[in-house]
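Take a look at the structure set out below.
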Amino acid sequence: MATYAMGDLKKGLKIEIDGVPFKIVEYQHVKPGKGPAFVRVKIKSFIDGKVLEKTIHAGDKCEAPNLEQKTMQYLYDDGENCQFMDTQSYEQVAISDDDVGEAKKWLLDGMMVEVLFHNGKAIGVEVPQVVELKIIETAPNFKGDTQGSNKKPATLETGAVVQIPFHVLEGEVIRVDTTRGEYIEKANK
1 MATYAMGDLK KGLKIEIDGV PFKIVEYQHV KPGKGPAFVR VKIKSFIDGK
51 VLEKTIHAGD KCEAPNLEQK TMQYLYDDGE NCQFMDTQSY EQVAISDDDV
101 GEAKKWLLDG MMVEVLFHNG KAIGVEVPQV VELKIIETAP NFKGDTQGSN
151 KKPATLETGA VVQIPFHVLE GEVIRVDTTR GEYIEKANK
C-alpha cells in the first residue's frame with residue numbers, strides 16, 4: 001500500500017486515516033514565520049460524508065486507501081437495503097439505505113451505477129450525472145401558464161420531486177441533473 005508524505009498531498013487525493021478512507025477537498029500549504037511548514041487539509045469521509053479539518057506536519061504519513069470502484073446494476077430495494085449485481089460475475093451486493101444516501105432517489109431498476117468498495121465492503125453508490133426519468137405526477141397546464149420562468153413540481157418514477165417548466169406534461173420523459181437535482185430538458189424519445 002502506498003504512503004503519502006506531506007509534500008505528496010493535493011486536492012482530490014484519496015487517503016486513509018485510522019482505517020477510514022477520505023478524499024482531500026481543500027488543501028492549503030502554510031509557512032508560518034516561526035517553525036516548520038505544514039499542510040492544512042479539509043477531508044471528506046467516504047463512509048459517512050462528514051468533512052473534517054486536519055493539520056499534517058512534515059513527518060506525518062498518510063496511507064493510500066484500498067478503494068475499488070465497480071460498475072454494477074441496480075436490481076431493487078428490499079425495504080432496508082438496495083440490491084446491486086456485478087454483471088460480470090452475477091454476484092449480488094446489499095448496500096444499506098444509509099450508505100446509498102441521496103443517490104437512492106435517482107435509482108431506477110436496471111440502472112448501471114458505480115459502487116465504491118473499501119477493503120471489499122461496499123460503502124457508497126454514484127449514479128450517472130444525467131438520468132432520464134418519466135414524470136408520473138404533475139399539475140395540469142392552464143392557459144397562460146407558459147409565460148415567464150414559473151415552474152411546477154413534478155414527481156418522477158423513482159419518487160424524486162423536481163421543478164419543471166409548465167409546458168412539460170405528465171407521462172413525458174425528462175433529463176435530470178442528479179448532482180443538483182434539477183430539470184435539464186425533455187428527453188428525445
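Under the UniProt record's numbering, think of the first position of the sequence shown as 1, with each following residue one higher.
Note that the Cβ used here is the ideal one computed from N, Cα and C, for glycine as well.
Do residue i and residue j have their CB atoms nearer than 7 Å?
i, j, result
"residue 21", "residue 118", "yes"
"residue 74", "residue 84", "yes"
"residue 63", "residue 42", "no"
"residue 133", "residue 156", "yes"
"residue 38", "residue 51", "no"
"residue 10", "residue 23", "no"
If I'm right that residue i touches residue j with Cβ under 8 Å, what's the distance once you round it to whole angstroms?
i, j, result
"residue 135", "residue 172", "6 Å"
"residue 82", "residue 108", "Their Cβ separation, rounded to whole angstroms, is 12 Å, which puts residue 82 and residue 108 out of contact at 8 Å."
"residue 80", "residue 97", "7 Å"
"residue 123", "residue 15", "With a Cβ gap of about 15 Å, residue 123 and residue 15 do not count as contacting."
"residue 105", "residue 154", "Wrong, their Cβ atoms sit about 13 Å apart, outside the cutoff."
Leaving out five residues on either side along the sequence, give the residues of the same chain with a beta carbon under 7 Å from the beta carbon of residue i.
i, result
"residue 151", "163, 164 and 165"
Once the 5 residues before and after residue i are set aside, which same chain residues still bring their CB inside 6 Å of it?
i, result
"residue 139", "152"
"residue 184", "175 and 177"
"residue 182", "none"
"residue 94", "81 and 83"
DSSP beta-bridge partners for residue i?
i, result
"residue 124", "116"
"residue 22", "15 and 45"
"residue 81", "96"
### Task
Count the C-beta pairs between the segment 62 to 71 and the segment 114 to 129 that are closer than 8 Å, then say yes if the count reaches three, no if not.
Contact between the segment 62 to 71 and the segment 114 to 129 is present, because at least three Cβ pairs lie under 8 Å.
#### Entry: Three-pair Cβ contact test at 8 Å for the segment 122 to 133 versus the segment 53 to 60
With a cut-off of 8 Å, the segment 53 to 60 and the segment 122 to 133 do not count as touching, because too few Cβ pairs lie within range.
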